[in-house]
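*Asks:*
Residue numbers (our numbering), protein chains in the order written: chain A, 3 to 705; chain B, 23 to 88.
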């Protein structure tokens with residue numbers, strides 16, 4: 003009977019609400035149910051602070067099941083590690099509070115550095131392990147007795163909250179991410195193929211191509227985050243994890259060569275005669291024709307592999323009439339680059355098609371390639387360390403303040419400043435989310451007081467408690483469902499639960515609520531202050547750091563170990579470019595830096611290719627020395643950019659090309675030799691473009 | 023099995039350890055089922071996952087509290 007009634011309610015809701023509203027209602031319903039379930043269970047089990055379980059539910063609450071599970075898993079991991087760290091610290095130096103607190107500050111600094119370094123879900127585990135160590139350790143700094151039971155109850159509460167959130171989000175109308183992932187992979191390939199086929203034929207103008215490129219780059223990041231979340235949601239995705247990484251890596255490589263192609267085509271279009279561009283379009287036509295009808299699914303892609311294999315085998319090098327080649331040596335060089343580039347594009351397309359087609363089945367096959375270098379969204383070490391230092395200093399200062407004043411709410415105050423520092427460690431503009439959290443905290447103190455003074459006294463059992471709490475919880479989750487108010491909603495729910503939800507032996511005390519609320523708000527502000535005082539996180543310094551990290555990637559391409567180097571550099575540069583994109587700065591500044599990154603990526607590809615050729619073919623051994631000298635010139639040019647350094651690097655490339663083509667370095671000429679020459683041409687072309695933007699000496703007034 | 027484990031003088035509930043072990047085991051079984059392509063034949067995978075976990079944890083818990 004009730005099932006029929008429920009169905010009827012569902013049907014009415016479906017009719018009344020737009021799809022977006024339906025999502026919101028479902029999200030609110032699921033979150034509140036999960037929170038009340040967590041509250042009920044922890045009251046039944048007699049845990050010390052049922053509020054922690056509820057807070058956990060709200061912190062991991064997301065509309066998609068995969069996101070909930072991913073966040074939950076890392077939260078559990080972080081909590082366990084944090085508890086263990088706090089206990090170890092207490093055992094070793096718990097008797098001297100000053101010593102203990104300084105070690106704790108170092109631990110938190112390390113965790114914050116880790117949170118800044120890993121920019122995906124792992125960051126969350128780092129934040130949690132710092133925060134939990136504080137939560138368990140701080141109260142124990144004065145009296146060590148309660149630490150172990152407290153750590154245990156903390157672990158139990160968090161695990162219970164995680165369990166409830168995961169079960170509810172998985173079992174009640176689960177919102178799966180796997181379909182989104184599948185749609186992304188399919189749509190992305192289709193977009194790329196259609197766009198590329200137009201670009202190959204010269205049917206797309208420069209602005210449209212740039213827009214296409216930007217969108218596809220963004221999808222690489224989106225796929226990575228979707229994959230990371232779907233990993234927890236769906237066992238089939240987990241089994242295919244290596245292949246999904248491979249598809250993304252191959253897509254990146256393909257996109258970089260595609261970008262190189264675009265730029266070469268533009269250069270050839272500007273050339274005084276149009277023989278070059280005509281030859282290029284002619285050579286790439288088979289690929290353009292193939293991409294016109296892109297595969298819609300992995301199964302179709304698997305079916306097309308044989309066709310593409312034949313096309314790639316039959317690709318012909320570009321040919322230029324002898325008289326033109328003699329008259330325009332620059333053009334002849336670009337055409338030689340073009341031949342190699344078209345061949346490479348074909349091979350990379352094939353590679354991507356193979357890994358895309360391999361997604362069809364879940365089982366392992368013999369031809370599975372070894373796992374590629376992992377694409378981990380990283381911040382650079384320098385940034386991570388400065389952020390860690392910032393958190394360390396601010397924790398130390400707030401701890402000293404607490405010890406000196408003996409404020410009873412000191413632990414809460416230190417804890418909240420730590421939370422702020424860790425949570426927003428790597429945010430491009432930390433003031434905004436911190437401000438939202440403070441707003442949420444202030445609202446929670448006001449509403450919490452109202453709830454505690456006027457409503458809580460009437461509660462007699464769990465049912466009435468649930469009835470009293472539900473309106474507030476619904477309000478909080480409703481706020482969370484707006485992207486721009488997410489922080490306010492989360493802040494409100496976290497502190498509302500902490501302030502109001504009664505322990506097994508309830509003791510409602512308005513002054514305690516105000517004291518606690520004060521410590522929360524002041525702690526937040528102290529944490530927020532540390533962002534603007536120690537190592538300011540302004541957009542300009544952020545862009546400078548990103549610029550330096552981009553430049554370092556060229557260094558890595560020159561000297562890093564060759565294993566999986568292309569994927570590694572590709573992932574890093576694309577990640578850095580995406581970090582540039584979210585920096586609050588004028589768009590033309592961002593655009594320049596993003597273009598710089600793409601040019602750099604192209605140079606890096608050429609460098610890696612040249613190094614690989616020399617490394618793999620014994621007949622090219624005689625080039626090792628001159629290649630090393632060349633790479634040294636390039637690294638020098640990156641580290642201390644100046645016109646002279648750039649000229650030296652270009653001259654080194656020229657002289658090496660001359661030595662290779664004249665046969666003084668290697669005899670007799672082999673196909674690999676031609677590939678090496680083409681790679682050097684490509685490197686030269688990329689470097690010329692880079693120097694146009696950045697590698698000129700800085701004007702004197704810039705200092 | 024004892025209800026509490028003695029860890030260097032600190033009493034540690036056995037159930038917490040069993041919870042973690044049951045979680046890890048059901049995670050492994052889940053991946054194994056997917057590799058055998060069994061999820062193609064299932065109606066509601068999350069329910070199976072939860073049931074496997076409940077079974078494992080229940081059996082383990084019974085060894086302690088019986």
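Positions of the beta carbon are idealized from the N, C-alpha and C atoms, including for glycine.
1) Tell me residue 41/A's beta-bridge partners as DSSP assigns them.
2) Suppose the cutoff is 7 Å on Cβ atoms and the five residues either side in sequence are ignored; what does the same chain contact list for residue 640/A look like?
3) When the Cα of residue 585/A is compared with those of 503/A, 434/A, 134/A and 650/A, which residue comes out closest?
4) Run down chain B in chain order and give the residues with a C-beta less than 9 Å from the C-beta of residue 205/A.
5) Tell me the DSSP secondary structure of residue 26/B in three-state form.
6) Using a Cβ-Cβ cut-off of 7 Å (strictly less than) and excluding sequence neighbours within five positions of residue 143/A, which residues of its own chain qualify?
7) For chain B, check one thing: does any of its Cβ atoms lie closer than 9 Å to the Cβ of residue 240/A?
8) What is the DSSP secondary structure of residue 698/A, counted as helix, strand or coil?
9) In chain order, what residues of the same chain lie with their CB nearer than 7 Å to the CB of residue 698/A, ignoring the 5 residues before and after it?
10) Measure the C-alpha to C-alpha separation of residue 117/A and residue 233/A and round it to an integer number of angstroms.
11) CB-CB under 8 Å to residue 472/A, same chain, minus the five flanking residues each way: which ones, in chain order?
12) Would you mind telling me which residues of chain C sit closer than 7 Å to residue 176/A, beta carbon to beta carbon, in chain order?
13) Could you tell me whether the Cβ of residue 61/B comes closer than 9 Å to any Cβ of chain A?
14) Do three or more CB pairs link the stretch 179 to 190 of chain A to the stretch 208 to 228 of chain A at distances below 8 Å?
15) In this structure, how does DSSP classify residue 435/A when only helix, strand and coil are distinguished?
16) DSSP three-state label for residue 383/A, please.
17) Assign residue 41/B to one of two classes, buried (16 or more other C-beta atoms within 10 Å of its C-beta) or exposed (fewer than that).
18) How would you list, in chain order, the residues of chain B whose beta-carbon sits under 8 Å from the beta-carbon of residue 72/A?
19) For residue 75/B, count neighbouring C-beta atoms within 10 Å of its own C-beta (all shown protein chains included) and say buried if the count is 16 or more, exposed if not.
20) According to DSSP, residue 658/A sits in a beta bridge with which residue or residues?
21) Going straight from the alpha carbon of residue 281/A to that of residue 576/A, what length do you get?
22) Below 8 Å on the Cβ atoms is my guess for residue 284/A versus residue 343/A; work out the distance and round it to an integer in Å.
23) Please confirm whether residue 425/A and residue 498/A have their CB atoms less than 9 Å apart.
24) If you count every other CB in all the chains shown that lies within 10 Å of the CB of residue 455/A, and 16 or more means buried, which is it?
25) For the alpha helix (DSSP H) that contains residue 99/A, what are its first and last residues?
26) Quick one: which chain B residues come within Cβ less than 7 Å of residue 237/A?
27) Grab the span of the alpha helix (DSSP H) containing residue 233/A for me, first residue to last.
28) Specify the secondary structure class of residue 179/A as computed by DSSP and reduced to three states.
29) In angstroms with no decimal places, state the Cα-to-Cα distance between residue 93/A and residue 409/A.
30) May I ask you to list, following chain order, the residues of the stretch 148 to 174 of chain A that have a beta carbon less than 8 Å from some beta carbon of chain B?
31) Return the CA-CA distance between residue 578/A and residue 79/B, expressed in angstroms with no decimal places.
32) For residue 152/A, does the count of other Cβ atoms within 10 angstroms reach 16, so buried, or fall short, so exposed?
33) Can you confirm whether the stretch 160 to 171 of chain A touches the stretch 51 to 63 of chain A when touching is taken to mean that 3 or more C-beta pairs between the two stretches lie within less than 8 Å?
34) On the three-state DSSP scale, how would you describe residue 588/A?
35) Out of 351/A, 239/A and 45/A, which has the shortest C-alpha to C-alpha gap to residue 53/B?
36) If the cut is a Cβ gap below 8 Å, which residues of chain A does residue 41/B touch?
*Replies:* In this structure, then:
1) Start at 1 with the first residue of the first chain, and residue 41/A comes out as number 39. According to DSSP, residue 41/A bridges with nothing at all.
2) The count along the first chain starts at 1 and reaches residue 640/A at position 638. Same-chain partners within the cutoff: 553, 556 and 557.
3) Working through the first chain from its first residue, we reach residue 585/A at position 583. It is 434/A whose Cα lies nearest to the Cα of residue 585/A.
4) The residue you call residue 205/A lines up with position 203 of the first chain. Residues of chain B passing the Cβ test: none, with the nearest at roughly 42 Å.
5) If you number the second chain from 1, residue 26/B lands on position 4. In the structure shown, residue 26/B sits in a strand (DSSP, three-state: E or B).
6) Taking the first residue of the first chain as 1, we reach residue 143/A at position 141. Cβ neighbours of residue 143/A beyond the five flanking positions: 99, 102 and 103.
7) In the first chain, the residue the question calls residue 240/A occupies position 238. Cβ-Cβ to chain B under 9 Å: yes for residue 240/A.
8) To locate residue 698/A, count along the first chain from 1; it is residue 696. The predicted model places residue 698/A with a pLDDT of 43, which falls under 50 and marks its position as unreliable, so this point remains unresolved.
9) Your numbering for residue 698/A matches position 696 in the first chain. No answer about residue 698/A holds up, because its pLDDT of 43 lies below 50 and its placement is not dependable.
10) Within the first chain, the letter at position 115 stands for residue 117/A. Within the first chain, the letter at position 231 stands for residue 233/A. About 20 Å.
11) Indexing the first chain from 1 puts residue 472/A at position 470. Cβ within range, chain order: 34 and 38.
12) The structure shown contains no chain C; the protein chains it does contain are A and B.
13) Walking along the second chain from the start, residue 61/B turns up at place 39. Output row for residue 61/B: interface = yes.
14) yes
15) Start at 1 with the first residue of the first chain, and residue 435/A comes out as number 433. Residue 435/A: helix per DSSP, three-state reduction.
16) Locating residue 383/A in the first chain gives position 381, counting from the first residue. Three-state result, residue 383/A: helix.
17) Sequence index remark: in the second chain, residue 41/B carries index 19 (1-based). Label assigned to residue 41/B: buried.
18) In the first chain, counting from the first residue as 1, residue 72/A sits at position 70. Near residue 72/A there are no residues of chain B at all, since even the closest Cβ is about 13 Å away, more than 8 Å.
19) Numbered from 1 along the second chain, position 53 holds the residue referred to as residue 75/B. That one is buried.
20) Stepping through the first chain from its first residue, residue 658/A is reached at position 656. DSSP output for residue 658/A lists no bridge partner at all.
21) Along the first chain, one-based indexing puts residue 281/A at 279. Along the first chain, one-based indexing puts residue 576/A at 574. Looking at the two C-alpha atoms, the distance is approximately 31 Å.
22) As a position in the first chain, residue 284/A is number 282, starting the count at 1. As a position in the first chain, residue 343/A is number 341, starting the count at 1. At roughly 14 Å, the Cβ-Cβ gap does not stay under 8 Å, so residue 284/A and residue 343/A are not in contact.
23) In the first chain, residue 425/A corresponds to position 423, counting from 1. In the first chain, residue 498/A corresponds to position 496, counting from 1. Cβ atoms of residue 425/A and residue 498/A: not closer than 9 Å.
24) Working through the first chain from its first residue, we reach residue 455/A at position 453. Exposed, by the Cβ-count rule.
25) Residue mapping note: residue 99/A aligns to position 97 of the first chain, counting from 1. Its alpha helix (DSSP H) spans residues 99 to 119.
26) As a first step, residue 237/A must be located in the first chain, where it is residue number 235. Neighbours of residue 237/A on chain B, chain order: 52, 53, 55, 56 and 61.
27) In the first chain, residue 233/A corresponds to position 231, counting from 1. Looking at the DSSP string, the run of the alpha helix (DSSP H) that includes residue 233/A is 208 to 235.
28) Looking up residue 179/A in the first chain gives position 177. In this structure, residue 179/A counts as coil in the three-state DSSP scheme.
29) For the purposes of this step, residue 93/A is taken as residue 91 along the first chain, with counting starting at 1. For the purposes of this step, residue 409/A is taken as residue 407 along the first chain, with counting starting at 1. Those two C-alpha atoms are separated by around 25 Å.
30) 150, 154, 157, 158, 161, 169, 172 and 173
31) Position 576 of the first chain holds residue 578/A. Position 57 of the second chain holds residue 79/B. So the alpha carbons of these two residues sit roughly 44 Å apart.
32) For the purposes of this step, residue 152/A is taken as the residue at position 150 of the first chain. The residue is buried, with at least 16 neighbouring Cβ atoms inside 10 Å.
33) yes
34) Taking the first residue of the first chain as position 1, residue 588/A is located at position 586. The answer is coil: DSSP assigns residue 588/A none of H, G, I, E or B.
35) Taking the first residue of the second chain as 1, we reach residue 53/B at position 31. Per the Cα distances, 239/A.
36) Here residue 41/B refers to the residue found at position 19 when the second chain is read from its first residue. Neighbours of residue 41/B on chain A, chain order: 161.
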